[in-house]
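Asker: Chains as they are written, first to last, in the working numbering: chain A, 1 to 315; chain B, 1001 to 1315; chain C, 2001 to 2315; chain D, 3001 to 3315; chain E, 4001 to 4315; chain F, 5001 to 5315.
No residue lacks a Cβ here, since even glycine has one placed at the ideal position from N, Cα and C.
Computed from a predicted model, the values in this text were never measured in an experiment.
Here it is: the structure, laid out below.
There are 6 protein chains.
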Amino acid sequence: MKKGIGHAAIGDAIDSFMLIKDATKGVASNGKPFLTLILRDATGEIDAKLWDATQEDEAVFVPEQIVKLTGEVSQFRGKAQLKINSVRPAQPTDGVRVSDFVEKAPVDQKVLSEKLTEIIFEMENPVLQRMVRAFIKKYQEALLTYPAAAKNHHEYVSGLAHHIVSMVAIAREMSNLYPELNKDLLYAGIILHDLGKLKELSGVVTTSYTVEGKLLGHIPMMVEEIGLMARELQIEGEEVRVLQHLVLSHHGKPEWGSPTPPLIREAEVLHLIDMMDAKLNMLNRALDKVKPGEFTERMFAMDNRAFYKPMFEES
Amino acid sequence: MKKGIGHAAIGDAIDSFMLIKDATKGVASNGKPFLTLILRDATGEIDAKLWDATQEDEAVFVPEQIVKLTGEVSQFRGKAQLKINSVRPAQPTDGVRVSDFVEKAPVDQKVLSEKLTEIIFEMENPVLQRMVRAFIKKYQEALLTYPAAAKNHHEYVSGLAHHIVSMVAIAREMSNLYPELNKDLLYAGIILHDLGKLKELSGVVTTSYTVEGKLLGHIPMMVEEIGLMARELQIEGEEVRVLQHLVLSHHGKPEWGSPTPPLIREAEVLHLIDMMDAKLNMLNRALDKVKPGEFTERMFAMDNRAFYKPMFEES
Amino acid sequence: MKKGIGHAAIGDAIDSFMLIKDATKGVASNGKPFLTLILRDATGEIDAKLWDATQEDEAVFVPEQIVKLTGEVSQFRGKAQLKINSVRPAQPTDGVRVSDFVEKAPVDQKVLSEKLTEIIFEMENPVLQRMVRAFIKKYQEALLTYPAAAKNHHEYVSGLAHHIVSMVAIAREMSNLYPELNKDLLYAGIILHDLGKLKELSGVVTTSYTVEGKLLGHIPMMVEEIGLMARELQIEGEEVRVLQHLVLSHHGKPEWGSPTPPLIREAEVLHLIDMMDAKLNMLNRALDKVKPGEFTERMFAMDNRAFYKPMFEES
Amino acid sequence: MKKGIGHAAIGDAIDSFMLIKDATKGVASNGKPFLTLILRDATGEIDAKLWDATQEDEAVFVPEQIVKLTGEVSQFRGKAQLKINSVRPAQPTDGVRVSDFVEKAPVDQKVLSEKLTEIIFEMENPVLQRMVRAFIKKYQEALLTYPAAAKNHHEYVSGLAHHIVSMVAIAREMSNLYPELNKDLLYAGIILHDLGKLKELSGVVTTSYTVEGKLLGHIPMMVEEIGLMARELQIEGEEVRVLQHLVLSHHGKPEWGSPTPPLIREAEVLHLIDMMDAKLNMLNRALDKVKPGEFTERMFAMDNRAFYKPMFEES
Amino acid sequence: MKKGIGHAAIGDAIDSFMLIKDATKGVASNGKPFLTLILRDATGEIDAKLWDATQEDEAVFVPEQIVKLTGEVSQFRGKAQLKINSVRPAQPTDGVRVSDFVEKAPVDQKVLSEKLTEIIFEMENPVLQRMVRAFIKKYQEALLTYPAAAKNHHEYVSGLAHHIVSMVAIAREMSNLYPELNKDLLYAGIILHDLGKLKELSGVVTTSYTVEGKLLGHIPMMVEEIGLMARELQIEGEEVRVLQHLVLSHHGKPEWGSPTPPLIREAEVLHLIDMMDAKLNMLNRALDKVKPGEFTERMFAMDNRAFYKPMFEES
Amino acid sequence: MKKGIGHAAIGDAIDSFMLIKDATKGVASNGKPFLTLILRDATGEIDAKLWDATQEDEAVFVPEQIVKLTGEVSQFRGKAQLKINSVRPAQPTDGVRVSDFVEKAPVDQKVLSEKLTEIIFEMENPVLQRMVRAFIKKYQEALLTYPAAAKNHHEYVSGLAHHIVSMVAIAREMSNLYPELNKDLLYAGIILHDLGKLKELSGVVTTSYTVEGKLLGHIPMMVEEIGLMARELQIEGEEVRVLQHLVLSHHGKPEWGSPTPPLIREAEVLHLIDMMDAKLNMLNRALDKVKPGEFTERMFAMDNRAFYKPMFEES
């Protein structure tokens, strides 16, 4: 059996370390305070109630704290819930770190970093290459650790870099099949399209939206960044406006966040590849959790569909 | 009777100077070439056909050329068309200029310029005031001559400045009625909200969209401009992001071109005042052309409605 | 600190009189009955549970009963809930009245009444003035006490009159800025536009919808009322149909309840001013509850947006 | 071969009387005036051009004038057009009347009138019966001659009465199949539902919309009429509000003109029967014009569908 | 008072047999397991909690088990809930059967079967008649027992046959009123239109969707079945394609599940009759539960409307 | 300069063979008949008028006739039109064939046929392979010549096979990048997804819709075909239903023609690859006609967008 809370079934006994993602105080019908905890490890999340919580409990069991738990997986309103038998904060001697409890891309950061470097070497248009190189240098640290989104797809450590590298792989093959495509432009668009998320999202672990992220959104912020970077590098030429267009239009439609729809071939292809990779990332992870003959849970970002894994699939 | 082609009725004789806005060559059913002209003066436009056009005619009757015409207003497919009796290019001795044939704001440029200056003096927040002052200085020339749009509302010389000054007048009264409003922020938003049109539109007289205007649109371009200007002026602080938000959200909804809807009180009010002034500009000009008891033509930008002028209105 | 339940924070001790707005019986998991109470004072509402409720409790703690409570504000499912320590019905000697516990317009009824009178004096068109005067006379009592809506905006005692007076103030300024507007028609439309709510809504304190309100709605009912009143006053002339049109179209679109959209200039302006005043009423009240740097709760009637109060606002 | 312009094919010679429905003056490319005529008989319409029209022609060939024509059916831009060989105004001695050239209901007016009387006798609820009787009396003349609409369905003389009588026949059978239905209420709703069209439409022959029809629409006008009639007859009781609801909601949805959707069983059934009869009227008339194995023209009011007549239908 | 759980009010004592429709295990806040039961009899359903459930309870109280209960109807979160005093599994000696606890069509199966036979005898087109006869023979058993849907309308035993027979009754009358209708085609379409549900739905009692039902839906499955049956019966001719079209288009619009909308008169009428019968079935059953002057609960399949029963209706 | 009518500019002289695609008779304003011809060669289409057409002309110049023309490209209402100087029907001795005048896929039929065979050899699942092999055998002839659509994308001879082969190439690379994909299922879905068009479309050269195509559409027809083929080959197993699902869902949404959306991973990917290849086919062909710095015409099937070719593209 696969280990970790993401693979636990109703009735399983639990004896492991987990990270507190969220903790909220409530008052039970007997008038006593309790804590609602959201706990996670690298494989998933589960809710838990800590009944009769003391003031000390409230002070200790806070977000980003690692805890050692024993208990049993039960069910509450059709959803798994951990029934806690014992719980204590982790000690330095336990040898556990926050980074052990967060999901990570299935490809190593170092590999992702090397692949990004390779892509730059493949590019021939000097303007586009300089632009991309400058951004990778500026955001190197964050680019290799940020998720690609707060939820839905690639929502794990290094998710953004994983998404980029995966999209470039599709783009490379598409450029071979359709030689009319401007490969350099497509690569540049893919690498820059979501970099605005480094300002829109609050961080790597408990990711939320920043105030400027809510007021402006990652797309207009990145369009602006490209303008500022071009001025800094003293780059002129239509490549700058075209790159801004690729970023601006990559959600495909105004109602999806792109005030201008794709009006350049590579902008349209960037939008399609983005959708393709995001959807496959979601589908593969959801189908990985079910057996042949079963349906996944409804997936909000897939128009609320539940997907079926055929019987003739190898499980 | 009011003078000018915008007030002419079917059957009227015409003997005046007009500006060629557009000229297209065609071939008639008798095999002979003809020119389709769009002619305009300061009050409006009319179509005309120049039959049996010679090669010389083609060379002479081109856009932005002023001509002296005689003819009669007839009707073709339910639309007024000028039947040309005679036509010749204007001579220097005629003493006519292109600027005589374009529609202008009902308020003088000088007055608009003074009013903009007054507004700046009314502002108290130093960051917002510096920002606005810098943009007015940078774009002074264009700001005082550009239309506010290529069609629909304030689509005349100085239309943009007229729209701004008119919106500020509403904002001033709204701020008196609702003292919670931040007047400086609202003023700054109003002055900057459409400045991106100076890059989106091609010019003052025969206004079309630039390539960068089509690829990016005036809203994202102005968000970027604010960022560049803030860096240039070394301005920091939330005012910059908030001003960008006001510009970004002023169309109200993603499907209307604002990827982020208004999330700040003054952004919502800016959107409402913009709509109010644009709609009244369109309505007043359309209703000015009909008599009490009549309906206007259908107005595309007013959801294709035809408006009624009540019988008890003074005509 | 501002007083009243609308300003209470989690953990605050409560010792005050409140009005029961709603009371529902339930059965707890221990098999014993309890009461779910919705309590309010002039500043807001809060939920509370009365555990182990006796039959006498059920008889005493009913809607529109004032009670004296002590307790503490706690949290249940992310929402504030009052934990009751003690509760008793108010006595005559307590000197409290129902009207102390409902929210009221920030402007006094007497002032609102005077302002309505002033407006009538400003009107010059005798037909419109007679019509408006007759309606104000007919509904004087209710017009000065009803809310403008059951929820969302101006949902307090005298809310309707407050909304009208506030809209007229905007209309007065708009008429100065755009002299083409027929001020009398606009005033008449504003005063009558929502009077149908006096039949659509059940009353001032615990406002719900009447059966005829549900079957017809305030807009068609008011259109009919204008027709009946015109017959009664033996008024003829286009003013009647035009006034009916202003009322009929003031929601702007069929899907918002106006089967005919505005087709007269003042109808369009009435719709815009109605939206402007309703939105500012909602925004000002919601932003009044948050500090600079914070977002409001999501507002259903503002397309579910949460609004931000900038840091540079005075709190 | 069926006679009449509605059955004519390209190439057919024409020698008959027709009614001018519309006449517009134009100027041909040779500079000479011409008239565009829309001609009709009881079976349909056709366009025609009268070239080289004299001023006398303009004075004579006007709407509602009957003319004697010879010519040939030709084609212009894919649409039939009558090529006129000769044309003269009809003389009193020709013995033709306007009523010969308009389409009429397939059931005689006298029969329709009798059927309406029968329906009243079937009704048992005295309030509903009195109401219906009063309206039939008030509008007897117009009710028996008006079309049910300006276009699309039952758009012929007596179309409204034909539509009512046909709907009542369906309602009678539905009441037998579903005895829960209140037959009297359903009958009353059917008879009154479109009476507002008598004020919304300009008349029987060349039907357009009145100003009050455009500003208010037949639905709110009829809701008001019911209120006025009830006051006149001193009728009280829920029947009045319920009847108003049936009229108000009979278009089914706000975006189709009913600000309130059906909330009473008979209101829903009225809406469904109205749709059923209108659609069958359109379908039967369109399919009557095509042969088995063919498609009809696209029908705007049927979501632009073209309908197929199966091969195994008897033609 | 009507008997059965569908007619029970808050506070009623219960002492009767019921069928367990669903049973789910949960853990209470005291850490002890409980069962959430959905119980039903022929008149409706109710939720119940069985506290402190033993392992034996879990094994005994499972779906499709009949139980003998005593208890009281209480309220939980605004919804009726049965408070269980005692419960035991039914014994053979109790003389109760599962079929006693499911809702059935108000018309007897034998009558429905005879009516289907009569319909076939009414048909004259031999191709359509053979087709229909073959399908009735193939699915006789299921056709007489299946519901017409898993929820919303005719969701009871024999619901499908009841729906068909009721629709044919409407069709018969419509064919009399509109003789242009091809009665045989309409009958055939009605009988076949929902037969795909026999494969889409899992069965008669606890109805859910089959995997092939979810992947294909009853409409495409039935189109295929008609093709297979035609091949089997060696039937050729346009009737087959036309019948497939009627089935394919009977939901009326792509967004309602018909990729092709009705393009044949009888297809349109089939769609309208289907809607008419389904809506009346829902309305009659919902209104049967309320008194004059009351509104029904909101009905999801009726656009979430609550319907009103007028005061002048006999209760 | 590239040859062929698709590359001709206004003013070019024409002296070549062309195919008549459509011919309509009209009557000119001088009363004489003329023919409107749509002419095409392998590169595109152009309109032309043949004035003063004799009855012989009408008999000779009919669709699918090849003609020899001289003339000049002129402009009519902003669209190119061929001014005919001389025209005669082609003679056998001219050595021209219809197939010379239709657009063909850029890949040879023989190559496409070989590639289809290769794909079958790549497949490993015997059920899917047998199914695909049977269909390729059944439709070999048509499959290699039909267009993929009547207009928009791959609307040329062998367009369907070209589309399939191109989609499989993408699928092959996607399967390498995402090994979770079931390659055989994806290949089978791609090959079968549009085969219903062989019945929906009328033929290769002047492609229109068949009656069964209009009544059912290619998607339900192909779902049925798969069922019939499975029965013929006596294939059972979930592969059949899953293949039907892939075909049924490949348009992605009900409003685009798929009553069931993709619910299987490979169904989603099939939909995405179909869109990707169709869009690139349209974009590449439209952009091939414009120079760097220009926009294409508006493309209906690309949401009416006009695409821009950047200046830094090699033309």
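1) With DSSP run on the structure shown, which of helix, strand or coil describes Glu-3124 (chain D)?
2) Quick one: which unbroken alpha helix (DSSP H) runs of 4-plus residues sit fully inside the region 178 to 231 of chain A? Chain order, please.
3) Between the region 4126 to 4144 of chain E and the region 4229 to 4246 of chain E, do at least 3 Cβ pairs fall closer than 8 Å?
4) Name the two residues that bound the continuous beta strand (DSSP E) containing Met-4018 (chain E).
5) Taking the alpha-carbon positions, what's the Leu-2037 (chain C) to Asn-2152 (chain C) distance?
6) What is the DSSP secondary structure of Val-3060 (chain D), counted as helix, strand or coil?
7) Is the region 211 to 220 of chain A touching the region 194 to 202 of chain A, taking contact as three or more C-beta pairs under 8 Å?
8) Report buried or exposed for Thr-3145 (chain D), applying the criterion of at least 16 other Cβ atoms within 10 angstroms of its Cβ.
9) Taking Cβ-Cβ distances below 9 Å as the criterion, which residues of the region 212 to 230 of chain A are in contact with chain B?
10) Could you tell me the boundaries of the alpha helix (DSSP H) in which Lys-3279 (chain D) lies?
11) Would a C-beta distance cut-off of 8 Å place Leu-1246 (chain B) and Leu-1270 (chain B) closer than the cut-off?
12) With a threshold of 8 Å between beta carbons, is Ser-1315 (chain B) in contact with chain C?
13) Taking Cβ-Cβ distances shorter than 7 Å, what residues in chain F pair up with Leu-283 (chain A)?
14) Excluding five sequence neighbours on each side, which residues of the same chain lie with their C-beta closer than 6 Å to the C-beta of Asp-5012 (chain F)?
15) Starting from Val-67 (chain A) and walking both ways along the beta strand (DSSP E), at which residues does that stretch end?
16) In angstroms with no decimal places, state the Cα-to-Cα distance between Leu-2263 (chain C) and Ser-2249 (chain C).
17) Considering Leu-233 (chain A), what are the terminal residues of the alpha helix (DSSP H) in which it resides?
18) What's the gap between the Cα of Tyr-187 (chain A) and the Cα of Gln-75 (chain A)?
19) With Leu-4272 (chain E) and Met-3275 (chain D) assumed to form a contact (beta carbons below 8 Å), what rounded beta-carbon distance in angstroms separates them?
20) Kindly indicate which residue of A:Asp-277, A:Phe-121, A:Glu-225, A:Lys-253 has the alpha-carbon position closest to the one of Leu-243 (chain A).
21) Classify Glu-297 (chain A): buried if its beta carbon has 16 or more other beta carbons within 10 angstroms, exposed otherwise.
22) As a quick exercise: from C:Leu-2201, C:Thr-2210, C:Lys-2021, C:Asp-2057, pick the residue whose alpha carbon is nearest that of Ser-2086 (chain C).
23) How about Ala-2023 (chain C) and Ile-2014 (chain C): do their beta carbons lie closer than 8 Å?
24) Evaluate the contact criterion for the region 1170 to 1178 of chain B versus the region 2167 to 2176 of chain C: three or more CB pairs, one atom per stretch, below 8 Å.
25) Are the Cβ atoms of Val-5096 (chain F) and Phe-5017 (chain F) separated by less than 8 Å?
26) Is Phe-3017 (chain D) close to chain B? Criterion is C-beta to C-beta, closer than 8 Å.
27) Could you check the C-alpha separation between Gly-2004 (chain C) and Pro-2292 (chain C) for me, to the nearest Å?
28) Do the CB positions of Leu-5280 (chain F) and Tyr-178 (chain A) come within less than 8 Å of each other?
29) From the beta carbon of Ser-2258 (chain C), is the nearest beta carbon of chain I less than 8 Å away?
30) In angstroms, rounded to a whole number, what distance separates the CA positions of Leu-2019 (chain C) and Lys-25 (chain A)?
31) Can you pull the DSSP bridge partners for Asp-5041 (chain F)?
Answerer: The short version:
1) Numbered from its first residue, the fourth sequence carries residue 3124 (chain D) at position 124. Three-state DSSP puts Glu-3124 (chain D) in coil, outside helix and strand.
2) Correct list: 183 to 192, 197 to 200, 211 to 216.
3) The way I'd put it, the region 4126 to 4144 of chain E does touch the region 4229 to 4246 of chain E; three or more beta-carbon pairs between them come closer than 8 Å.
4) The residue you call residue 4018 (chain E) lines up with position 18 of the fifth sequence. Going by DSSP, Met-4018 (chain E) is part of the beta strand (DSSP E) stretching over 4013 to 4027.
5) By one-based count along the third sequence, residue 2037 (chain C) stands at place 37. By one-based count along the third sequence, residue 2152 (chain C) stands at place 152. Linking Leu-2037 (chain C) to Asn-2152 (chain C) through their CA atoms gives a straight-line distance of about 21 Å.
6) Walking along the fourth sequence from the start, residue 3060 (chain D) turns up at place 60. Of the three classes helix, strand and coil, the one that applies to Val-3060 (chain D) here is helix, per DSSP.
7) Yes, they touch.
8) Residue numbering aside, residue 3145 (chain D) sits at position 145 when the fourth sequence is read from its first letter. Buried, since its Cβ has 16 or more Cβ neighbours within 10 Å.
9) Within the region 212 to 230 of chain A, the qualifying residues are Glu-212, Lys-214, Leu-215, Leu-216, Gly-217, Ile-219, Pro-220, Met-221, Val-223, Glu-224, Glu-225, Ile-226, Gly-227, Leu-228.
10) By one-based count along the fourth sequence, residue 3279 (chain D) stands at place 279. First-last of the alpha helix (DSSP H) with Lys-3279 (chain D): 3265 to 3287.
11) For the purposes of this step, residue 1246 (chain B) is identified with residue 246 of the second sequence, where counting begins at 1. For the purposes of this step, residue 1270 (chain B) is identified with residue 270 of the second sequence, where counting begins at 1. Yes. Within cutoff.
12) Position 315 of the second sequence, counted from the first residue, corresponds to residue 1315 (chain B). With a pLDDT of 45 at Ser-1315 (chain B), under the threshold of 50, the modelled position of this residue cannot be trusted, and the question is left open.
13) Walking along the first sequence from the start, residue 283 (chain A) turns up at place 283. The answer, in chain order, is Arg-5265, Glu-5268.
14) Here residue 5012 (chain F) refers to the residue found at position 12 of the sixth sequence. Only Val-5073 meet the Cβ criterion.
15) Position 67 of the first sequence, counted from the start, is the residue given in the question as residue 67 (chain A). The continuous beta strand (DSSP E) containing Val-67 (chain A) extends over residues 66 to 76.
16) Stepping through the third sequence from its first residue, residue 2263 (chain C) is reached at position 263. Stepping through the third sequence from its first residue, residue 2249 (chain C) is reached at position 249. Between Leu-2263 (chain C) and Ser-2249 (chain C), the C-alpha separation is close to 8 Å.
17) Taking the first residue of the first sequence as 1, we reach residue 233 (chain A) at position 233. Boundaries for Leu-233 (chain A): no alpha helix (DSSP H) harbours it, and the DSSP string shows neither H nor E there.
18) For the purposes of this step, residue 187 (chain A) is taken as residue 187 along the first sequence, with counting starting at 1. For the purposes of this step, residue 75 (chain A) is taken as residue 75 along the first sequence, with counting starting at 1. Their backbone Cα atoms lie some 47 Å apart in a straight line.
19) Residue numbering aside, residue 4272 (chain E) sits at position 272 when the fifth sequence is read from its first letter. Residue numbering aside, residue 3275 (chain D) sits at position 275 when the fourth sequence is read from its first letter. Contact holds; Cβ gap of about 7 Å.
20) The residue you call residue 243 (chain A) lines up with position 243 of the first sequence. Distance check between Leu-243 (chain A) and each of A:Asp-277, A:Phe-121, A:Glu-225, A:Lys-253 places A:Glu-225 closest, using alpha-carbon atoms only.
21) Looking up residue 297 (chain A) in the first sequence gives position 297. Exposed, by the Cβ-count rule.
22) As a working note, residue 2086 (chain C) is residue 86 in the third sequence. Minimum Cα distance to Ser-2086 (chain C) is reached at C:Asp-2057.
23) Within the third sequence, residue 2023 (chain C) is the residue found at index 23, counting from 1. Within the third sequence, residue 2014 (chain C) is the residue found at index 14, counting from 1. No; because the gap between Cβ atoms is not below 8 Å, this pair is not in contact.
24) Contact between the region 1170 to 1178 of chain B and the region 2167 to 2176 of chain C is present, because at least three Cβ pairs lie under 8 Å.
25) For the purposes of this step, residue 5096 (chain F) is identified with residue 96 of the sixth sequence, where counting begins at 1. For the purposes of this step, residue 5017 (chain F) is identified with residue 17 of the sixth sequence, where counting begins at 1. Taking a C-beta distance under 8 Å as the contact criterion, Val-5096 (chain F) and Phe-5017 (chain F) qualify as a contact pair.
26) Stepping through the fourth sequence from its first residue, residue 3017 (chain D) is reached at position 17. Closer than 8 Å to the CB of Phe-3017 (chain D) there is not a single CB belonging to chain B.
27) Within the third sequence, numbered from 1, the residue matching residue 2004 (chain C) stands at position 4. Within the third sequence, numbered from 1, the residue matching residue 2292 (chain C) stands at position 292. Their Cα atoms are separated by approximately 21 Å.
28) On the sixth sequence, residue 5280 (chain F) is found 280 positions in, with the first residue counted as 1. On the first sequence, residue 178 (chain A) is found 178 positions in, with the first residue counted as 1. Yes, they are a contact pair.
29) Here chain I cannot be found, since the structure's protein chains are A, B, C, D, E and F.
30) Translated into positions along the third sequence, residue 2019 (chain C) becomes position 19. Translated into positions along the first sequence, residue 25 (chain A) becomes position 25. Distance between Leu-2019 (chain C) and Lys-25 (chain A), taken at the CA atoms: about 28 Å.
31) Within the sixth sequence, numbered from 1, the residue matching residue 5041 (chain F) stands at position 41. Beta-bridge analysis with DSSP links Asp-5041 (chain F) to F:Gly-5044.
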